[in-house]
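Using my numbering, the final residue of the sequence shown is 137, and nothing's skipped along the way.
Don't be surprised by glycine CBs; every beta carbon is placed ideally from N, CA and C.
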Amino acid sequence: MKFIAGLVVGIILVPVLVYFYLTGGSAPVATTDSDMPFESFLARKAQNARIEKEMPKNVPIQPTEANYLAGAELYKQHCAVCHGLPLEPKTAIATGMYPHPPQLFQGKGVTDDEAGETYWKIFNGFRLTACRVSASR
């Protein structure tokens with residue numbers, strides 16, 4: 001009986017405590033705050049699972065020189081301010097954003113991704129960020 005009572009209290013108490021943590025002004029919401037416990041871990045897991053589930057096996061854009069040049073121009077116009085350019089320092093805009101936009105020319109970037117993964121990221125974007133290239137497919 002004590003086990004059942006403890007289980008019921010745990011099932012009720014934990015969500016109530018989380019609710020008051022979030023609504024009581026204790027949750028980190030400023031761009032300078034650190035992540036909530038497990039926030040990055042869970043968001044990354046959810047993101048990777050969704051991309052793996054939905055990314056196309058064959059992308060509808062052919063890898064031609066014209067398409068690469070057009071993509072580079074679109075990147076310069078719409079993406080570089082946040083995601084950077086080769087051998088350029090991070091912009092003030094990128095420094096102040098949260099979540100921090102990955103600098104795609106430093107470390108692991110889209111060149112390491114499968115074509116379907118890159119396609120999914122560009123055409124779907126990510127919630128709570130400015131990233132989304134196209135509203136329609």
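Segment contact: the region 104-123 against the region 43-58, three or more CB-CB distances shorter than 8 Å; contact assigned. The region 93-106 makes contact with the region 66-83, as at least three CB pairs between them are under 8 Å. By the 16-neighbour rule on beta-carbons within 10 angstroms, residue 118 is buried. Within the same chain, 82, 101 come within 6 Å of residue 94 by CB-CB distance, once the 5 residues on both sides are set aside. Looking at the backbone, the Cα of residue 25 and that of residue 42 are separated by about 22 Å. For residue 3, the enclosing alpha helix (DSSP H) begins and ends at 2-23. Between residue 126 and residue 77, the gap from beta carbon to beta carbon reaches 9 Å or more. Ranked by Cα distance from residue 129, the options 20, 15, 18, 31 are led by 31. Annotated three-state conformation of residue 40 is helix, per DSSP.
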